[in-house]
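Per the UniProt record's numbering, residue 1 is the first one in the sequence shown, and the count goes up by one each step.
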Amino acid sequence: MNNIGPLIKKIRTDKNLTQKNVSSGIMSRSHLSELENGKYFPSYEKMLGLLQNLDISLMEFQTELGNNYSLKDRIYIETTNKLSTEQKIDELADYLKKIFTSEVAKKSIRLQIKRLNMLGLVELTQNNQITVENYQPIFNYLLSCKNWHEFEIRTLANSIFLANFEVAKVLAKQFEKKSKKLNFKNYIDKVILFFNNLAELALRKGEYLLALTYAKNAQKMAHDNNKIYYLLIANVLTNLSNLTLDATDNTYLQEIDKNIAIFRTLSYPEVADSLQNLVELVLSHKYVN
């Protein structure tokens with residue numbers, strides 16, 4: 001019990017929120033201050049309200065305390081995750097229009113960001129391009145946070161493809177700074193995904209040296225943590241970056257083909273096709289904004 005107040009304070013300050021922001025509609029600011037100092041404990045309903053204002057799920061909060069629960073709003077997140085993973089983009093678009101609406105998303109920043117992320121995926125898949133300014137609220141939120149927790153890292157990894165490239169580079173630099181305070185153990189996959197996505201974004205923008213730096217970061221982390229799936233992707237991105245910098249070395253293209261072929265052997269044809277399309281796009285100099 002004594003750990004709850006200080007943890008709420010840490011998350012609040014990490015997210016650059018005031019006591020007024022967090023206590024709004026839930027309790028007085030003075031009660032929140034007492035809670036943060038271990039002198040008051042709220043009801044379960046008020047606790048859920050505080051976490052809602054902090055934009056952190058009860059599951060994440062309880063994980064830091066050694067437990068595991070969930071907020072009911074996770075149904076929207078879990079459903080969209082399932083539809084996106086299964087590549088049911090038309091169903092996802094319909095779900096966002098009829099069920100996970102903008103009105104529903106107004107309940108919390110977490111839901112707003114998730115809905116924007118999924119709208120971006122739908123737009124990119126259906127139109128092969130995105131309107132980056134539509135998704136800037138995601139990155140305004142990330143840039144405003146003093147420190148990042150699991151939600152921010154997951155958001156960063158899953159949404160970076162929607163960012164203006166200059167903003168993406170700023171976030172990459174912030175990641176290097178803030179990562180010194182983070183423990184990646186429970187979500188290393190998302191960290192690797194972030195750097196793989198950064199590398200792809202840099203390749204599409206013609207920033208080949210930067211793409212190589214990002215891809216090598218992903219490659220090293222995937223190798224050190226035995227993440228074979230992400231390692232294969234990082235291998236493709238690293239060799240593609242090298243190939244753009246030295247087109248005379250045929251071994252890079254051979255390595256690209258070999259890693260893509262492994263995905264086909266492992267029955268990941270969609271991933272193989274996506275990587276092959278990226279290779280062809282980059283090598284033909286048809287960059288996507």
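Glycine included, each C-beta is placed from N, C-alpha and C at the ideal position.
Predicted model, so just to flag it, every value in this text is computed and none were measured.
Return the residue from the list A261, D273, L243 that minimises the CA-CA distance to H285.
Considering only alpha carbons, the answer is L243.
Can you have a look at I130 and say buried or exposed, based on whether 16 or more other CB atoms are within 10 angstroms of its CB?
Buried.
Answer with buried or exposed for I56, where buried requires no fewer than 16 other C-beta atoms within 10 angstroms of its C-beta.
So I56 ends up on the buried side.
Residue range of the alpha helix (DSSP H) that K9 falls in?
Taken as a continuous stretch (DSSP letters only), the alpha helix (DSSP H) holding K9 covers 4 to 14.
To the nearest angstrom, how far is it from the Cα of V279 to the Cα of K46?
Taking the straight line from one Cα to the other gives about 52 Å.
Using CA atoms only, rank isn't needed, just tell me which of I4, R12, N197, E78 is closest to N147.
Looking at the Cα atoms, R12 is the closest of the given residues.
If distances are taken between C-alpha atoms only, which option among R204, A93, E152 comes closest to K190?
When only C-alpha atoms are compared, the closest one is E152.
Within its chain, find whatever has a CB closer than 8 Å to the CB of R29; leave out the 5 residues flanking it on each side and keep chain order.
Excluding residues within five positions, the ones whose Cβ falls inside 8 Å are Q19, K20, S23.
In chain order, what residues of the same chain lie with their CB nearer than 7 Å to the CB of K9, ignoring the 5 residues before and after it?
Only E36 meet the Cβ criterion.
Label E207 either buried or exposed according to how many other C-beta atoms from any shown protein chain fall within 10 Å of its C-beta, with 16 as the threshold for buried.
Classification for E207: buried.
How would you write the range of the alpha helix (DSSP H) that K97 sits in, first residue to last?
Start and end: 89 to 98.
Using the Cα positions of N225 and Q136, report the straight-line distance between them to the nearest angstrom.
Approximately 32 Å, taken between the alpha carbons.
Going by beta-carbon coordinates alone, are A211 and S179 separated by less than 7 Å?
Result no, Cβ atoms of A211 and S179 do not sit closer than 7 Å.
Go to P42, then tell me how far its alpha helix (DSSP H) extends in each direction, as first and last residue.
Taken as a continuous stretch (DSSP letters only), P42 belongs to no alpha helix (DSSP H), as it is neither H nor E.
Looking at the structure shown, is E123 part of a helix, part of a strand, or coil, going by DSSP?
Here E123 sits in helix by DSSP.
In whole angstroms, what is the alpha-carbon distance linking V282 and V104?
Roughly 39 Å separates the two Cα atoms.
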